[in-house]
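Participant: Letter by letter, the sequence shown follows residues 164 to 232 of this note's numbering.
Using N, Cα and C, we set each Cβ at its ideal position, and we do this for glycine too.
Nothing here was measured: the structure is a model prediction, and the numbers come from that model.
Below you will find the structure I want to go over with you.
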Amino acid sequence: MTFFNSAVTVLQTLVVALGVGLGIWGAINLLEGFSGKRRYSEAEKNGIGHNPKNKQKQIGVAVYNRNSY
164 MTFFNSAVTV LQTLVVALGV GLGIWGAINL LEGFSGKRRY SEAEKNGIGH NPKNKQKQIG
224 VAVYNRNSY
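This is the structure we're talking about:
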């Protein structure tokens, strides 16, 4: 019976440690979302961003400018 009691105590400790680790990881991820850094997608880096003022449209692989015609 002593073995089972010690096993339960060890498992409780492991579960609590895992919960604390996941909580810290979640808090760090949450705080990273509030950082002032702007993360650009590959499309935005290439100049095709989600910007309503952007005059370019992408159709397939061809990019044309609306103001050119």
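Taking just the CA atoms, how far does residue 165 sit from residue 154?
Facilitator: Outside the modelled stretch of the chain, which goes from 164 to 232, sits residue 154, for which no answer is possible.
Participant: Between the alpha carbons of residue 188 and residue 172, how many angstroms are there, rounded?
Facilitator: Sequence index remark: in the sequence shown, residue 188 carries index 25 (1-based). Sequence index remark: in the sequence shown, residue 172 carries index 9 (1-based). Using only the alpha carbons, I get a separation of about 24 Å.
Participant: If you follow the alpha helix (DSSP H) that residue 167 is part of, which residue opens it and which one closes it?
Facilitator: Residue 167 sits at position 4 when you count from the first residue of the sequence shown. Looking at the DSSP string, the run of the alpha helix (DSSP H) that includes residue 167 is 165–196.
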